[in-house]
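First residue of the sequence shown? That's 1281 in the working numbering, and the numbers climb one at a time after it. Don't be surprised by glycine CBs; every beta carbon is placed ideally from N, CA and C. Note sheet for the following structure.
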Amino acid sequence: MTDDKPRYVCIHGHFYQPPRENPWLEAIELQDSAYPYHDWNERITAECYGPNARSRILDGEGRIRQIANNYARISFNFGPTLLKWLEDEEPDVYARVIEADKESAERFGGHGSAMAQPYNHMIMPLANTRDRYTQARWGIRDFEKRFGRAPVGMWLPEAAVDTETLDIVSELGIQYTVLAPSQALRIKGQTSRDWTDVSGEQIDPTRPYYVSLPSGRRINVFFYDGPIARAVAFEKVLESGEELANRLTGTLSDGREWPQIVHIATDGETYGHHHRFGDMALAYALDYIEREDTATLTNYAEYLERYPPEWQVEIAESTSWSCSHGVERWRSNCGDNTGAHPGWNQEWRAPLREAFDWLRDTVAPLYESHAGELFKDPWQARDEYISVILDRSEENVAAFMAEQGTEKLDVSQWTEALELLELQRHALLMYTSCGWFFDDVSGIEATQTIQYAGRVIQLAQKLFGDRIEGQFLEILARAKSNVPEQGDGRAVYERAVAPAAVELAKVAAHYAVSSLFEEYAEEARVYCYDITQREYQRQSEGQAQLAVGRAAVKSIITLEAQETSFGVLHFGDHNITAGVRPHGDDAEYEAMKKEAFAAFREADLPETIRLLDRHFGDLTYSLRTLFKDEQRKVLRSVLEATVGEAEAEYRGIFEHHAPLMRYLMDIGVPLPPSFQAAAELVINVNLRRALEETAIKENRLVETLADASSWSINVDGEGLAFVAKGTLERLALEFEEHPDASESLRALEESSRCVKLLPFVVELAEVQNRFWNVLQERYPGYAKRAAKGEADALNWVEQFRALGDNLKVRVE
């Protein structure tokens, strides 16, 4: 690389997942399709976000020689809603992302690599002006809170752009964005009077450009290299980090007279989720470019400071990077889809957007009218509400109300004020782009956006008294599913939204039913609700249980609160019946409780039910009432004995008939299905138990694997790998916390050696990370002591190196 013609490389990763939280619980419930993980955020974090925070660079023998934070050497943006989830659920990965921005600033001339993003990935050209401002302001404020600085760049969702959007984000302080080469229309040099047509991806992506805006401002734009970006996303470039590096630097040309920047933009999930080990290819490519000095790594902000754009560009209005028809993918049956379902249509997209637009425009004047009585400026209050979303402490809510509220606003009106703002938050969330991106209105992403609409309707009907649900559903019914049994958008709403809706009584019912299976402290948190136990009494008679109590339920989102009383009767299996009511007369409650427990002690369950029913009016709650995760947890408890009995039966069949089964296999006769099922269940259970041990024992594991092989068993590789991963991660944590304990080192070394015997791959990234930490912090001291001949240090170093071999980490 010559100094007179500098060459730069920048890779941008757009890291984003749609918000998946239940709108009433503010948490992601169990998603079976993400098995063996709890949900898709957790799965993709394990496959992508976590690995990129600690990516492996291998030596020539396939051993880890370095662990790098990829985020610190690339340009990146994270969706604000995803960062919130990472902060709560994966704080270590979150911390590495935040730290990467600081590290990149040290690397790239004081310019951090993180870019902001409009809050919940709304297609900006399809939004009204007011929503565009709120989306951009929320995204900027979220960024400032997390990264501790003002953003310089902003990634636009799906790179969807028009001039109005650029003018708005420029007004709010954004200096640059990144677009696809197909989004450039024509360009003009500073000394030229004529425009040059560059449509059809003819623009040169190795320099920046600027857009002159109607306001008189300008904003800078980088157009990424389309062919390389497509090769990374959809071809096999990520099979080799060196090939990725060469593809990037290979486009740099001595014929260009300006400081060139070759840069690409792809979904961040490309590096690990879409392409396994893609994070390692990225890490190796970045390391290779630096080692070979074929170009200088940079980020957009650093490059702009050094080389401001000299060419003006006009963009193609209302275009995006993922729809060849502009932005039609998010409002019409344009033909762009995932390709996974040939013959399907996306005619449902238009009525889905129409229903949401109708809902937004119907509630907007009602919001403005009602909020105008509580806030100085209802729409400014919405813009500033991001401060509450980021910090829901009552102290911060009080500060917000003091700043935004009218003089008449008092504490008794806070709930109404917050409900109005929550209505607006969900009216924005329902436009999350993923709702239209995929192939059917019944898909998980479209269903999620319909749930947000359901929350808007619930709040609107409570606040305004208007019955708007019917007309909304009439429009939604025109969104026909490609899957006949799914019906249409209205059926999706009735099936997935109505049952998910939560009121305080349902939270109290969840608390009551789950209290039979776990002990609650006097103050408890159930998702986004605080429960204060006023009084609680439970009795058991055989397998049956009765609990009666009182509890205060309070939403931490809206501060809505209610005093409730409840009664719940468990018959000893999955049959549970419960009632909840607002707490009223203490004497009436005490009398009911006394009579119910008296009947229960007599084992008179019908009379107990009658008494509960008389007090609560209707015993409408059951095991179905529980939120999904707790429901599964309780069912596991309820089924434990039953499953144990079934497993014992299968084990008896297997062991009793093993000689006959062996004979049949020896003479080539297929096992009867009942015998095969018994063998598969028993051996998979044996494997799971072997892998769940405090430390995995080689003899037991080898014996069980031999049984699986001899009986030609289909083992549950994915589920068992997850179990083994959990065991090793627990042992690795124990070792990292107590590296001097020989038992911890020995248990981890032996267990990691055993895992190599398994007929499936076990993900060891977290184990390797913890080993790497000990390698950096404690190994040098032990190595020095071992060099002096200290026996305990020699033994430790020998076993540590053996562990490194098992984990494929190079130990010098």
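If you draw a straight line from the Cα of leucine 1784 to the Cα of isoleucine 1889, it comes to about 23 angstroms. Leaving aside the five residues that flank leucine 1971 on each side, the residues in its chain whose CB is nearer than 8 angstroms to its CB run, in chain order, Leu1981, Leu2000, Val2003, Ala2004, Thr2007. Bounds of any beta strand (DSSP E) do not take in aspartate 1865, whose DSSP letter is neither H nor E. Residue ranges of uninterrupted alpha helix (DSSP H) with 4 or more members, entirely inside the region 1351 to 1383 and ordered along the chain, are 1360 to 1369. Taking a C-beta distance under 8 angstroms as the contact criterion, glycine 1558 and leucine 1518 qualify as a contact pair. Taken through DSSP and simplified to helix, strand or coil, arginine 1336 comes out as strand. Only residues of its own chain outside the window of five on either side were considered, and among them Ala1416, Arg1417, Ile1420 have a CB closer than 7 angstroms to the CB of leucine 1452, listed in chain order. In the three-state scheme derived from DSSP, where H, G and I count as helix and E and B as strand, arginine 2050 is classed as helix.
Between threonine 1618 and aspartate 1720, the CB-CB gap reaches or exceeds 8 angstroms. Cα atoms of arginine 1410 and arginine 1426: separation of roughly 24 angstroms, rounded to the nearest angstrom.
For alanine 1827, DSSP records a beta bridge to Arg1818, Val1848. Rounded to whole angstroms, the Cβ separation of phenylalanine 1636 and tyrosine 1711 is 6 angstroms, and the two are in contact under 8 angstroms. When secondary structure is reduced to three states using DSSP, phenylalanine 2080 falls in the helix class. Counting the other Cβ atoms within 10 Å of the Cβ of threonine 1686 gives fewer than 16, which makes it exposed.
In the displayed model, valine 1914 falls within a helix according to three-state DSSP. Within the region 1993 to 2024, complete alpha helix (DSSP H) segments of at least 4 residues are found at 1997 to 2017, given in chain order.
Shown here for leucine 1906: same chain residues with a beta carbon closer than 8 angstroms to its own, the five before and five after excluded, namely His1790, Val1793, Ser1794, Val1914 in chain order.
Contact annotation: the region 2010 to 2018 does not touch the region 1979 to 1994, with fewer than three C-beta pairs closer than 8 angstroms. Here isoleucine 1324 is buried: its Cβ has 16 or more other Cβ atoms, across all protein chains shown, within 10 Å.
Three or more Cβ pairs closer than 8 angstroms define a contact, and the region 1330 to 1338 falls short of that threshold against the region 1759 to 1769. Exposure of glutamine 1819 is indicated by the presence of fewer than 16 other C-beta atoms within 10 angstroms of its C-beta. Residue pairing by DSSP puts threonine 1546 in a beta bridge opposite Gly1293.
Bridge pairing for lysine 1873: absent [DSSP]. With a 10 Å radius around the Cβ and a threshold of 16 neighbouring Cβ atoms, threonine 1471 comes out exposed.
Approximately 4 angstroms separates the beta-carbon atoms of glutamine 1684 and alanine 1661; this is inside 8 angstroms, confirming the contact.
Following the DSSP letters along the chain, one finds leucine 1459 inside the beta strand (DSSP E) bounded by residues 1456 to 1459.
Here glutamine 1592 carries a strand assignment [DSSP, helix/strand/coil]. Per DSSP, reduced to three states, the secondary structure at leucine 1310 is coil, with no helix or strand assignment. In the DSSP assignment, the residues bridged to aspartate 1477 are Arg1466. When the beta-carbon positions are compared, proline 1631 and isoleucine 1499 stay at least 8 angstroms from each other.
Assigned with DSSP and collapsed to three states, histidine 1621 falls in coil, not helix or strand. Phenylalanine 1514 sits exposed, since fewer than 16 C-beta atoms from the chains shown fall within 10 Å of its C-beta. Pairing valine 1772 with serine 1722 gives a Cβ-Cβ distance under 8 angstroms. Annotation: glutamine 1728 is outside any beta strand (DSSP E); the continuous alpha helix (DSSP H) that includes it extends over 1724 to 1744. Around the Cβ of valine 1643, a 10 Å sphere holds 16 or more other Cβ atoms; the residue is buried. For valine 1982, there is no enclosing beta strand (DSSP E); the residue is part of the alpha helix (DSSP H) that begins and ends at 1978 to 1990.
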